[in-house]
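S.K.: Structure provided below as structure tokens; questions to follow.
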Amino acid sequence: AQSVTQLGSHVSVSEGALVLLRCNYSSSVPPYLFWYVQYPNQGLQLLLKYTSAATLVKGINGFEAEFKKSETSFHLTKPSAHMSDAAEYFCAVSVRGSGGNQFYFGTGTSLTVIP
Amino acid sequence: SAVISQKPSRDICQRGTSLTIQCQVDSQVTMMFWYRQQPGQSLTLIATANQGSEATYESGFVIDKFPISRPNLTFSTLTVSNMSPEDSSIYLCSVDTAGGTDTQYFGPGTRLTVL
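These protein sequence lines map, in sequence, to chains Z and L. With our numbering applied, the first sequence corresponds to residues 1 to 115, in that order. With our numbering applied, the second sequence corresponds to residues 1001 to 1115, in that order.
Below, the structure is given as structure tokens:
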């Protein structure tokens, strides 16, 4: 079975501080992994994705994530938080099955940036 | 990537009525998905809609309550029937671009409030 766990439903950081949002997954087959961001009253925007190439993936807005198979993790980081980063972040795993590609989403982490 | 639009962006409806949500994509895609995001929660897949076949519903969702149309490769509708306040959610459509990484791209969502 596939699942995604996001540790910490709410994370607060000061502006300029490191952002670390945690995501662990379980998958019986090699997964594709994604981070999406949802700004208030908007849909989901793809931040970055891991597709079995480089384990360190760089995305938009200065975010990056590292795939660690041994830890079954795909944590999202950004060296310096900006006020505009305040949003909801979702980690997702995609597994191809007989019926097509199935996405499994984590419960989300709300990021607050303190000025 | 794909550009996805949804109509309406939001609506307030009375109990017992139905609302049809439209999803338009700027390119032809095989698979389209409909998700529900209840207040403060993550995304739950309602159904997968492939052109030319019946939609496939996830556990807990039925066609009578959420009929879906997929008349061509760029368009789909989701109807929320006989609405109750528990149906108040954001409804999002997404598309699978396939071709290897199978990334899902999301529309902006339809925010539904049922009184």
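Every residue, glycine too, gets a C-beta built ideally from N, C-alpha and C.
With a cut-off of 8 Å on the beta carbons, I'd call Z/Leu-33 and Z/Phe-63 a contact; round off their distance for me.
M.R.: Not a contact, Cβ separation roughly 13 Å.
S.K.: Name the residues in the stretch 1033-1046 of chain L whose C-beta lies less than 9 Å from a C-beta of chain Z; which are they?
M.R.: So the close ones are Phe-1033, Tyr-1035, Gln-1037, Gly-1040, Gln-1041, Ser-1042, Leu-1043, Thr-1044, Leu-1045.
S.K.: Taking 8 Å as the CB-CB cut-off, is Z/Phe-67 touching chain L?
M.R.: Judged by the 8 Å Cβ criterion, Z/Phe-67 is not in contact with chain L.
S.K.: Counting along the chain, where does the beta strand (DSSP E) carrying L/Gln-1006 start and finish?
M.R.: Here the beta strand (DSSP E) through L/Gln-1006 covers 1004-1007.
S.K.: Spatial neighbours of L/Ser-1009 within its chain, please: CB distance less than 8 Å, with the 5 preceding and 5 following residues excluded, ordered by chain position.
M.R.: Answer for L/Ser-1009: Pro-1108, Gly-1109, Thr-1110, Arg-1111, listed in chain order.
S.K.: Can you tell me whether DSSP reads L/Gly-1100 as helix, strand or coil?
M.R.: For L/Gly-1100, the predicted structure reports a pLDDT of 47, less than 50, and the residue's modelled location is therefore unreliable. A value from the coordinates is still provided. Here L/Gly-1100 sits in coil by DSSP.
S.K.: By DSSP's criteria, L/Asn-1050 is part of a beta bridge. Which residues make up the other side?
M.R.: Per DSSP, L/Met-1031.
S.K.: Distance check for Z/Pro-115 and L/Val-1029, CA to CA, integer angstroms please.
M.R.: Their backbone Cα atoms lie some 42 Å apart in a straight line.
S.K.: Short of 6 Å in beta carbon distance, which residues of its chain neighbour L/Thr-1103, apart from the five on each side in sequence? Order them along the chain.
M.R.: Same-chain partners within the cutoff: Thr-1097.
S.K.: Since Z/Tyr-104 and Z/Gln-2 are thought to touch, with beta carbons under 8 Å apart, how far apart are those beta carbons, to the nearest angstrom?
M.R.: Their Cβ separation, rounded to whole angstroms, is 5 Å, which keeps Z/Tyr-104 and Z/Gln-2 in contact under 8 Å.
S.K.: Can you confirm whether Z/Gly-59, when its beta carbon is compared against all beta carbons of chain L, has any partner nearer than 8 Å?
M.R.: Closer than 8 Å: no.
S.K.: Residues in the same chain with beta-carbon distance under 7 Å from L/Thr-1056, minus the five sequence neighbours each way, listed in chain order, please.
M.R.: Hits under 7 Å: Ala-1047, Thr-1048.
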